[in-house]
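In the UniProt record's numbering, the protein residues as written are 1 to 235. Following: one structure in structure tokens, then a few remarks.
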Amino acid sequence: MSIPTPHISANLGDFAETVLMPGDPLRAKYVAESFLENAVLVNPVRGVNGYTGTYKGKRVSVMASGMGMPSIGIYSYELFQFYDVKNIIRIGTAGALRADLKIRDVVLGMGACTNSSYAAQYQLPGTFAPIASFELLEKAVAQVKKMGNVGYKVGNLLSSDTFYSDSNLDGNWQKMGVLAVEMEAAALYMNAARTGKNALAICTISDSMITGEATTSEERQNSFNDMVKIALEIA
Numbered sequence: 001m002s003i004p005t006p007h008i009s010a011n012l013g014d015f016a017e018t019v020l021m022p023g024d025p026l027r028a029k030y031v032a033e034s035f036l037e038n039a040v041l042v043n044p045v046r047g048v049n050g051y052t053g054t055y056k057g058k059r060v061s062v063m064a065s066g067m068g069m070p071s072i073g074i075y076s077y078e079l080f081q082f083y084d085v086k087n088i089i090r091i092g093t094a095g096a097l098r099a100d101l102k103i104r105d106v107v108l109g110m111g112a113c114t115n116s117s118y119a120a121q122y123q124l125p126g127t128f129a130p131i132a133s134f135e136l137l138e139k140a141v142a143q144v145k146k147m148g149n150v151g152y153k154v155g156n157l158l159s160s161d162t163f164y165s166d167s168n169l170d171g172n173w174q175k176m177g178v179l180a181v182e183m184e185a186a187a188l189y190m191n192a193a194r195t196g197k198n199a200l201a202i203c204t205i206s207d208s209m210i211t212g213e214a215t216t217s218e219e220r221q222n223s224f225n226d227m228v229k230i231a232l233e234i235a
């Protein structure tokens, strides 16, 4: 396949080596307008706008992934495989599976369990364990400690194929130490592994499966800035 791809109309070189990837296109726009200098729109296809600008003199891109593993699977693969992107940092939301995770706390996804069959394409004779890039994870932990005022945990995420489900299995994942549930990280980590690139999911707790607390869509779009700052500082 050549570029432009079916989903990205940018030219080679339009993306920086590191791309921040929220799920929501409006969050990508917010990051570009609020944090990047001289941000330029490099991809408008399907409204999944991608931008490239600078942060503290460093070239950085931001583009949405859409919702779910099939969507981030497409966008992250094309960025890794055809646009010479080396690092993708997911900046998304997650639902807490533990009582000691508060709304707006940050989870750094060391690993990503999943109920998806995404790994079946690799025809492996067992179960693949999707994990983050240690280099990015190490930098993120150092950065969040440096910031000092951010509640955070490092550990396993659950990347679920279902938002509405007939089964309530969150308790079983919780028993295995999983911190929070989201819908994209496992596919991102597998694509990074397959292409020899780096990936990390930094997620903000937007709601709690334990307490029932939740944030609004506007809050999720415009106010989860700690994870954005962490990602930009390590980009």
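No residue lacks a Cβ here, since even glycine has one placed at the ideal position from N, Cα and C. Since the structure is predicted, the reported quantities are computational estimates derived from the model, not experimental observations.
| message | In the DSSP output, which residue or residues are listed as bridge partners for N87? | response | T18, N198, per the DSSP bridge assignment.
| query | How many Å lie between T127 and S76 at the Cα? | reply | So the two alpha carbons sit approximately 22 Å from each other.
| task | Go through its chain and collect everything with a Cβ distance to L213's Cβ below 7 Å, but skip five positions before and after it. | result | The residue asked about is misnamed: residue 213 is Glu in this sequence, not Leu. Cβ within range, chain order: I103, D207.
| message | In the DSSP output, what is A192 paired with across the bridge? | response | Looking at the DSSP assignment, A192 forms no beta bridge with any residue, so it has no partner.
| query | Going by DSSP, which residues form a beta bridge with V107? | reply | K153, C203.
| Pairing CB atoms from the segment 21-29 with CB atoms from the segment 86-97, are three or more of them under 8 Å? | Yes, the segment 21-29 is in contact with the segment 86-97.
| field | Within the segment 209-235, ranges of the alpha helix (DSSP H) (whole runs, at least 4 residues) | value | Counting whole runs of 4 or more residues, the segment 209-235 contains the alpha helix (DSSP H) stretches 217-222, 225-234.
| With contact counted as at least three CB pairs below 8 Å, one residue from each stretch, are the segment 67-83 and the segment 174-194 in contact? | The answer is yes - the segment 174-194 touches the segment 67-83, with three or more Cβ pairs under 8 Å.
| said: So for G177, helix, strand or coil by DSSP? | reply: Reduced to three states, the DSSP call for G177 is coil.
| DSSP three-state call for G68: helix, strand or coil? | G68: coil per DSSP, three-state reduction.
| task | Note down the Cα distance separating S34 from I8, rounded to an integer number of angstroms. | result | Those two C-alpha atoms are separated by around 23 Å.
| task | Look at the Cβ atom of A16, then the Cβ atom of V85, and state whether they are nearer than 9 Å. | result | Cβ atoms of A16 and V85: closer than 9 Å.
| task | Find the nearest neighbour of A209 within the set M183, M227, Q174, L232, judged by alpha-carbon distance. | result | Just to set this straight, residue 209 is Met in the shown sequence, not Ala. For the residues M183, M227, Q174, L232, the minimum Cα distance to M209 belongs to Q174.
| request: Please work out which residues of its chain come closer than 6 Å, Cβ to Cβ, to G111, disregarding the five sequence neighbours upstream and downstream, and give them in chain order. | output: Here the set comprises I131, N156.
| field | Buried or exposed (CB count within 10 angstroms, at least 16 for buried), Y146 | value | This sequence places Lys at residue 146; Tyr is not what is there. So K146 counts as exposed.
| message | Judging by CA-CA distance, which residue of Q81, K56, L108 is the nearest neighbour of G196? | response | Restricting attention to Q81, K56, L108, the CA atom closest to the CA of G196 is found in Q81.
| query | Mind checking N87: buried by the 16 CB within 10 Å criterion, or exposed? | reply | Buried: at least 16 other Cβ atoms inside 10 Å.
| query | Counting along the chain, where does the beta strand (DSSP E) carrying M63 start and finish? | reply | Note, M63: beta strand (DSSP E), 58-63.
| query | Can you tell me where the beta strand (DSSP E) with E37 in it begins and where it stops? | reply | It spans 37-43 - the beta strand (DSSP E) in which E37 sits, taken as one unbroken run.
| request: Assuming T54 and E37 form a contact by the criterion Cβ under 8 Å, report the distance between their Cβ atoms to the nearest whole angstrom. | output: Correct: roughly 5 Å between the Cβ atoms.
| query | Using DSSP with H/G/I as helix, E/B as strand and the rest coil, what is A99? | reply | In the displayed model, A99 falls within coil according to three-state DSSP, outside both helix and strand.
| query | Cβ atoms of V40 and G66: under 9 Å apart, would you say? | reply | No. Outside cutoff.
| task | Report yes if the C-beta distance between A140 and I230 is below 9 Å; otherwise report no. | result | Yes, the Cβ-Cβ distance between A140 and I230 is below 9 Å.
| Are the beta-carbon atoms of A199 and L136 separated by less than 9 Å? | Yes; because the gap between Cβ atoms is below 9 Å, this pair is in contact.
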